[in-house]
Amino acid sequence: MTDSPTHTFRRQHRELRRLAQELSTASLSSTFDADRIHVALRRFIGKLRVHAAMETEALYPILLTHADDEIRRRAEDLHEELGPLYGLMEDFVARWNRTEIIAARRIRFRIELVRVLARLGWRMMKENRELYPMADAELAGLT
């Protein structure tokens, strides 16, 4: 599927899963290193912001204005269901924006990290299973 319309989005999901695993591993290490965690968090959110911008500015607008009512409705449903999750991640990053905060409240950080990464993982799975196949089928002739 290297030439599918959603190839780049799928590749970004793989990269985000890898970075999420690095972040998770760093947060669970017995030698808790808040600096390492903060760097991993910044790297993850940077990649996520690029991915979110591409979806928001390139993929969803095409599907949300598609001539086919069913495609438009399905895209709207997914957008409404999945859209707020990026905001949750931004809120998380805003709360944990300094190494000192992460170090001082490491247990709370871990709990919130597990929750937000699980939600984002669910979103990526849903996009991989529902949004991207629909986009590939509908946009294949446009690329």
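Counting along the sequence shown from 1, when you hit position 78 you're at 825 in my numbering, and nothing is skipped either side.
Glycine included, each C-beta is placed from N, C-alpha and C at the ideal position.
Self-check item: Beta-carbon spacing of Met836, Val863 below 7 Å
Solution: yes
Quiz item: How many angstroms separate the CA atom of Glu885 from the CA atom of Ile858?
Solution: 39 Å
Exercise. Using 10 angstroms around the beta-carbon of Trp843, count the other beta-carbons present and answer buried if the total reaches 16, otherwise exposed.
Key: buried
Quiz item: Less than 7 Å separating the beta-carbons of Leu867 and Leu825?
Solution: no
Quiz item: By how many angstroms is the C-alpha of Asp815 removed from the C-alpha of Leu763?
Solution: 31 Å
Quiz prompt | Close beta carbons around Ile809, own chain, < 7 Å, minus the five adjacent residues each side | solution = Leu886
Quiz item: Going by other Cβ atoms of all chains shown within 10 Å of its Cβ, with 16 needed for buried, is Gln768 buried or exposed?
Solution: exposed
Quiz prompt | Proximal residues to Asn782 (C-beta, below 6 Å), its chain only, five neighbours per side dropped | solution = Here residue 782 turns out to be Asp, not Asn, going by the sequence shown. For Asp782, where only same-chain residues beyond five positions count, the Cβ hits under 6 Å are Thr846.
Practice problem: Measuring alpha carbon to alpha carbon, tell me which of Asn875, Ser771, His798, Thr755 ends up nearest Val786. | Solution: Ser771
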